[in-house]
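J.: Chain order of the listed sequences is X and Z. Using this note's numbering, the first residue of the first sequence is number 231, and each one after it goes up by one. Using this note's numbering, the first residue of the second sequence is number 10, and each one after it goes up by one. Below: one structure in structure tokens.
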Amino acid sequence: MAEISTAREVKIAGHPFVLRSSDVVRAMRRVDPEPITSHYVVVGTRRFPPKQIISALTGVDRADFTTHHARRTLIRLGFSAGRRPARTTSIASGPSRRQPAMDSLPLADRLRPFAGSWVAIRDDDVLHSTESPQELVAWLNRHGQKADSMFRVPGDELSATGLAPL
Amino acid sequence: MRLPFRDIPDPRTGSVRPRPIVDVVVDGLDIAPQACLLDSGATAVRFGGHVADICGIDLQDAPQARLAVGGAVVTALMAEVTLEIDDGSQQLTWSASVWFCEPWTPSFGLLGLTGFFDQFTVTIAAYEEWLELTPLN
């Protein structure tokens with residue numbers, strides 16, 4: 231089924247752009263998410279700092295616009311946004327059908343979209359996810375981050391159970 | 010040290026399954042503690058080979074064995090490593106013979122009899138969803 235792409239005309243640091251949600255998804259597919267300090271936006275199953283996305287998409291220096299502007303622009307494109315660590319007021323979702331308000335769910339439910347992926351967990355939150363454990367540890371090293379736990383989210387019954395090796 | 014079970018999504022039923030899982034720092038790699046399942050059916054501590062890789066554990070000339078794991082035969086290499094569990098107020102550190110296995114399908118490391126259950130008195134309260142580790146003297 232074809233996916234609906236939302237388009238918006240926006241001004242970033244005085245420069246006009248036409249941004250499409252599909253362009254955001256495509257542009258961020260191979261981008262390594264930077265650590266989340268406060269605000270984030272969910273693209274696919276990954277969280278990015280809002281300014282990282284807008285800067286990657288437009289080429290505008292992130293010093294030239296605010297997190298609030300970037301976040302609001304992305305919400306208008308249909309992406310969910312959140313804030314950590316204030317969990318009680320964390321989600322300010324836009325009109326997206328793309329992502330549920332993930333922070334309102336228990337961690338186990340928030341892990342479901344990551345089935346089969348390697349995740350780093352900190353403070354009951356998904357810090358980062360990758361396709362391999364080596365990539366995950368490399369990301370932690372690169373960004374000076376420390377996880378509470380890392381594992382592959384079970385994608386099938388075999389990976390979820392104790393195997394009792396003899 | 011008393012620790013709560015970890016809620017893990019069950020891929021088969023779509024429900025949440027609380028499991029006796031603890032986070033273990035392997036060979037000092039404290040930026041990425043490995044989630045491990047307490048498995049009294051396992052005779053030893055087992056991890057995937059990737060854990061040796063990311064921890065930089067040298068497995069050249071390591072003792073080797075072929076094991077049946079979950080119906081598959083895996084190659085396991087053994088190294089003596091330091092393991093640590095830290096709940097924020099207490100640290101439990103011990104040395105164990107750990108087998109690093111390839112291929113490895115489980116999502117978690119497995120804490121088995123030798124190297125884990127022989128280091129602690131382990132209480133598992135499945136109904137109340139907690140476990141308790143008391144180091145043996």
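The beta carbon of each residue, even a glycine, is placed where N, CA and C say it ideally should be.
In angstroms, rounded to a whole number, what distance separates the CA positions of E264/X and V248/X?
T.: Residue mapping note: residue 264/X aligns to position 34 of the first sequence, counting from 1. Residue mapping note: residue 248/X aligns to position 18 of the first sequence, counting from 1. Looking at the two C-alpha atoms, the distance is approximately 24 angstroms.
J.: Could you say which of L47/Z, F14/Z, A77/Z and P20/Z lies nearest to D127/Z if we only look at CA atoms?
T.: If you number the second sequence from 1, residue 127/Z lands on position 118. Considering only alpha carbons, the answer is L47/Z.
J.: Taking the C-alpha atoms as reference points, what is the distance between R276/X and V356/X?
T.: Your numbering for residue 276/X matches position 46 in the first sequence. Your numbering for residue 356/X matches position 126 in the first sequence. Cα to Cα, the separation comes out at about 9 angstroms.
J.: In this structure, what does DSSP give as the bridge partners for W348/X?
T.: For the purposes of this step, residue 348/X is taken as residue 118 along the first sequence, with counting starting at 1. Beta-bridge pairing links W348/X to T360/X and R382/X.
J.: Give the straight-line distance between the Cα atoms of D32/Z and P13/Z, rounded to the nearest whole angstrom.
T.: Taking the first residue of the second sequence as 1, we reach residue 32/Z at position 23. Taking the first residue of the second sequence as 1, we reach residue 13/Z at position 4. The straight-line gap from Cα to Cα measures roughly 11 angstroms.
J.: Select from F344/X, D253/X, V273/X and S252/X the residue whose C-alpha is nearest the C-alpha of D262/X.
T.: In the first sequence, the residue the question calls residue 262/X occupies position 32. Taking only the C-alpha atoms, the option nearest D262/X is V273/X.
J.: Classify P336/X: buried if its beta carbon has 16 or more other beta carbons within 10 angstroms, exposed otherwise.
T.: Within the first sequence, the letter at position 106 stands for residue 336/X. Looking at its Cβ environment, which holds fewer than 16 other Cβ atoms inside 10 Å, P336/X is exposed.
J.: Within 8 angstroms of any Cβ in chain X, is that where the Cβ of A135/Z sits?
T.: Translated into positions along the second sequence, residue 135/Z becomes position 126. Judged by the 8 angstroms Cβ criterion, A135/Z is not in contact with chain X.
J.: If distances are taken between C-alpha atoms only, which option among G50/Z, A88/Z and R75/Z comes closest to L68/Z?
T.: As a first step, residue 68/Z must be located in the second sequence, where it is residue number 59. The residue with the shortest Cα to Cα distance from L68/Z is A88/Z.
J.: Check distances from the C-beta atoms of the segment 353-376 of chain X to those of chain Z and list, in chain order, the residues that come in under 8 angstroms.
T.: Identification of residues in the segment 353-376 of chain X having a C-beta nearer than 8 angstroms to some C-beta of chain Z yields S362, P363, Q364, L366, V367, L370, N371, Q375 and K376, given in sequence order.
J.: Below 8 angstroms, can you find three or more Cβ-Cβ pairs linking the segment 93-104 of chain Z to the segment 114-121 of chain Z?
T.: These segments do not touch.
J.: Quick check on P18/Z - is its C-beta less than 8 angstroms from some C-beta in chain X?
T.: Counting from 1 along the second sequence, the entry for residue 18/Z is found at position 9. Closer than 8 angstroms: yes.
J.: Please classify R21/Z: is it buried, with 16 or more other beta-carbons within 10 angstroms of its beta-carbon, or exposed?
T.: Here residue 21/Z refers to the residue found at position 12 when the second sequence is read from its first residue. Result: exposed.
J.: At the 8 angstroms Cβ level, is F117/Z part of the contact set with chain X, yes or no?
T.: Taking the first residue of the second sequence as position 1, residue 117/Z is located at position 108. Closer than 8 angstroms to some Cβ of chain X, the Cβ of F117/Z qualifies, so yes.
J.: If you reduce the DSSP assignment to three classes, tell me which class Q69/Z lands in.
T.: Translated into the one-based positions of the second sequence, residue 69/Z becomes position 60. Here Q69/Z sits in coil by DSSP.
J.: DSSP state of Q99/Z, grouped into three classes?
T.: Along the second sequence, one-based indexing puts residue 99/Z at 90. Here Q99/Z sits in coil by DSSP.
J.: Just to confirm the assignment: which complete alpha helix (DSSP H) runs, minimum length 4, are found wholly within the segment 247-286 of chain X?
T.: 251-258
J.: Looking at chain Z, is there any beta carbon in it that lies within less than 8 angstroms of the beta carbon of F247/X?
T.: Residue mapping note: residue 247/X aligns to position 17 of the first sequence, counting from 1. So, not an interface residue.
J.: Can you tell me whether K376/X is buried or exposed, with buried defined as 16 or more other CB within 10 angstroms of its CB?
T.: Position 146 of the first sequence, counted from the start, is the residue given in the question as residue 376/X. Exposed, since its Cβ has fewer than 16 Cβ neighbours within 10 Å.
J.: Can you tell me the Cα-Cα spacing of V25/Z and P144/Z, whole angstroms?
T.: Position 16 of the second sequence, counted from the start, is the residue given in the question as residue 25/Z. Position 135 of the second sequence, counted from the start, is the residue given in the question as residue 144/Z. Spanning the two alpha carbons is a distance of roughly 30 angstroms.
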